[in-house]
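If you're matching positions, the sequence shown starts at 678 in our numbering and goes up one per residue. Below you'll find the structure, written out as structure tokens, and then a few comments.
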Amino acid sequence: MINFDAFQPMAAIATTPQATRLLHPLCQSLKTTLYVPATLPLIDTTTCHYQGSLKDHLSTIWSKNRGFIFCLATGAVVRLIAPLLKDKASDPAIIVIDPTGQFVISLCSGHQGGADRLAQLIAHQLHATPIITGASHHLNLPAIDTLGMPLGWRKGPGDWTGVSQAIATQKTVQVIQEGGSQLWQDNLPQNHPFYFGFPEISENIEPAARIWIGATKRKFAPGSTVPKVQWYPRVLWVGLGCIRGTSQGLIAAAIEEVCQTYHLATEAIAGIATIDIKADEVGILQYCQNKQYPLLTYSADVLNSLKVPNPSEVVKQEVGTPSVAEAAAIYGANNWLTNQGEGEKIDIKKTLLVTKQIIKSDNEAVTIAIAQSELEYTGRAGKLYLVGMGPGNLEQITPAAKMAINEADAIIGYSLYLDLIKPLQRPGQIIESLPITKEKERAQRSIYLGRWGLSVAVISSGDCGIYGMAGLVLEELKNNHWDGKNPSIEVFPGITALQAAAARVGTPLMHDFCAISLSNLLTPWEVIKKRLTAAAMGDFVTALYNPRSQTRQTQIIEAQTIFLQSRDEKTPVALVRCAYRQDETIILTNLGEMLHHRIDMLTTVLIGNSSTFSYENWMITPRGYNQVRSQKSEVRSQNN
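Set out below in structure tokens:
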């Protein structure tokens, strides 16, 4: 199930029996308390009575929750929450659901509180329509005040309202990005208002607002008429060496001093890197725990592989490498995610921002160096959602799969599949398509993004675990020595092609059946022929996937020949192309005449068994109930 931890704790409010019935199953799914007045009965332990007025009750639980779901009139909700609202940075997400469950409204704190995303997720679960009124959403643009959150960026100072207003009115907004991933830029709509970099004099561009993205600490002039904001991607890795027993206080003060001297934002620090013999240094451990920084440690041999600007023979004699701070910072910045880099291939000049600085106090000393990574540290555990989208019609996608697609930071799939699910996408998502023959690359890319800390939806048509991407992703994880935890995996099943095709023509799968792909790209044709022969001889209803392509024309002919050796030429056959899509075609024919019709890669071929029959344009395979009844009647007659 989709994790709603980002919105927890939440509270839901219902004041009528109808609203209670609507919200109760939702609250069970979200693990959220449902508050009802004392005049209504409690359903189970997920419901709770509130005493006195709802207005007073809200004031007591307001600060304890990050989100509220109301099934009340919107006007009533507005009056209830108005005295409690403070600002968009601290207000909880407010969702309003109409009494019939047809609409889910993001009422308040849509961006930073997450109400917009929560409304979309709940709407998918209720089969409802999300109502989102924010300007950026309707312009298909990411909200600037939440832009970097999926990547772990930290918000800096600035006029966030002023910049947001400039974006909403589609005025030119200058973006100066000096660090962090630019994937968000690659997924902007064509008519976006952003100008990247510095305009040439000849371009005569006067930006209405400015966004700085980088590790440098900017100072904004208070009297400027151009609103500005800053995001800090966590790209700075602090290499650290110290005398044994150095206190947390000196380490913290030294890092603060060095960052201030070189105009670097401490908010942009990703983590700390040092030599492995310092893995138990109390001051370092306390500092990392206090700041919630990861601590990377490397052996002397690894650090020795780098040629740093300021090596020290004294340090080498002590710990076996001429550099701790510089080498650890550089190596950490280049290898924090994969830990597979080779020292001699690292561009030290490009990476190292601050050479080693020594700060002393009494009997303590700290050596600090700072390097910048091309890839920011997200601070998140990644997730892979392996999603089956069914035959392609949005109505055929399960609510859970819709929620996974909408919740994901990134969506990866074949371009056709991504086009089909476009209505489920939201602004700010990373969308990456790879061609139909690049399944392995899709799997590897999804794993990389997942290990980086993103939630990634990997899209397959039909069911992701049947001729889909799920198996390949798990194979690639195994090959990469996956620990079974990071990234986490969740599989969202979908309606398979054979199920969709069968549903369009009747009940051909009522008895034992099998599925066989005729593509010999991954399976030798001789093996496929054995399977076809076994299915034909075993009298299985058989679904043929990938029956014919532009370069593979003969396999479907051979398949027909094999089945004709075991089945009558009048055996019903269904050819279903693009089931449930706009260009759907359905042909009911028979085994002898099936090749007279169009068959391609988008066609699913259903071959009936010896008992399958056609009736009034329906294909029916008996389960055997009538035969059993006849046998029982015959036995009773004989006994009589």
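Just so you know, even glycine gets a beta-carbon here, dropped at the ideal spot from N, CA and C. The structure presented is a predicted model; accordingly, all values stated were derived computationally and were not measured.
Can you check DSSP and say which residues form a bridge with residue i?
i     : result
G1148 : G1148 is not bridged to any residue.
E1109 : I1089
C1191 : T1219
F1240 : Answer is none; F1240 lacks a bridge partner.
C725  : Y712
E1167 : Y1062
K832  : W908
K894  : Bridge partners of K894: none, in fact.
S740  : In the DSSP output, where bridge partners are listed per residue, S740 has none listed.
L1283 : A1220, A1251
N1267 : P1249
R887  : Q851, K905
Check the C-beta distance from residue i over to residue j and give it rounded, since I have them as a contact under 8 Å.
i     : j     : result
V1253 : A1147 : 23 Å between Cβ atoms; not a contact.
L1063 : I1166 : 7 Å
L1071 : P1100 : 6 Å
Q961  : K968  : With the sequence shown as reference, residue 961 is identified as Ile, and Gln is not the correct amino acid for it. Contact flag wrong, Cβ pair sits at about 11 Å.
Q925  : Y872  : Rounded, the Cβ-Cβ distance is 44 Å, inconsistent with contact.
G1069 : Y1257 : 6 Å
H1188 : V1218 : 6 Å
V770  : G790  : Before going on, a small fix: residue 770 reads as Ala here, not Val. Contact flag correct, Cβ pair sits at about 4 Å.
Sort the options by Cα distance to residue i and report the nearest one.
i     : options                    : result
T1028 : V991, K984, Y1062, D1039   : K984
N1156 : S706, A766, S1165, A1120   : A1120
S813  : L824, H804, A1006, A930    : L824
N742  : V755, P718, Y712           : Y712
G1351 : S1050, G1127, M1187, K1247 : There is no way to answer for residue 1351, as the model of the chain reaches only from 678 to 1317.
M1271 : E1235, E1293, I946         : E1235
Y1091 : F871, A770, I1108, E1084   : I1108
L865  : P1104, L1093, V935         : P1104
A977  : Y964, E1116, E995, L1186   : E995
L980  : P1224, K1117, S1000        : S1000
N1286 : F1169, Q1227, Q963, I1297  : I1297
V1043 : I932, N817, Q907, L1151    : I932
K708  : I679, Y727, M1080, A753    : I679
T716  : Q854, K732, T692           : T692
R1275 : D957, I1089, N1303, Q1230  : Q1230
E883  : V852, T751, C785, N987     : V852
P694  : P714, A683, K1033, W914    : P714
I1263 : T1280, C785, G1269, H1273  : T1280
Could you give the residue range of the beta strand (DSSP E) that holds residue i?
i     : result
E1041 : 1041-1049
F871  : 871-873
V903  : Run containing V903: none; DSSP gives neither H nor E here.
Y1257 : Where Y1257 is concerned, there is no enclosing beta strand (DSSP E), given that its DSSP letter is neither H nor E.
Q1073 : Per DSSP, Q1073 belongs to no beta strand (DSSP E) and is neither H nor E.
W914  : 913-919
K1037 : 1029-1038
Considering only the beta carbon of each residue, do residue i and residue j sit closer than 8 Å?
i     : j     : result
I904  : A942  : First, the residue type needs correcting, since residue 904 is Pro and not Ile in the sequence shown. Against a cut-off of 8 Å, the Cβ pair of A942 and P904 comes out as no contact.
L1131 : P702  : no
K1206 : I1233 : no
G1171 : G1067 : yes
G916  : A1046 : yes
H869  : P1076 : no
T951  : G918  : yes
C748  : I782  : no
Y662  : G948  : Only positions 678 to 1317 of the chain appear in this structure, which leaves residue 662 out of reach.
S1194 : M1214 : no
R911  : I946  : yes
A689  : I746  : yes
G1065 : G1139 : yes
L795  : G778  : no
V1282 : P1224 : yes
T1266 : P1185 : no
S841  : I821  : yes
I1007 : I1023 : yes
D836  : V906  : yes
N1163 : A1078 : no
In the DSSP assignment, the alpha helix (DSSP H) including residue i goes from what residue to what residue?
i     : result
C704  : 694-707
S626  : Nothing in the structure corresponds to residue 626, since the chain is present only between 678 and 1317.
Q1227 : Where Q1227 is concerned, there is no enclosing alpha helix (DSSP H), given that its DSSP letter is neither H nor E.
Q1121 : 1116-1129
C965  : 959-968
R756  : 751-758
W861  : 860-863
Q789  : Counting along the chain, Q789 falls outside any alpha helix (DSSP H), and DSSP gives it neither H nor E.
M1278 : Premise fails: M1278 is in no alpha helix (DSSP H) and is neither H nor E.
V1204 : 1202-1214
State yes or no: is the beta carbon of residue i nearer than 8 Å to at least one beta carbon in chain D?
i     : result
M1146 : The structure shown contains no chain D; it holds only a single protein chain.
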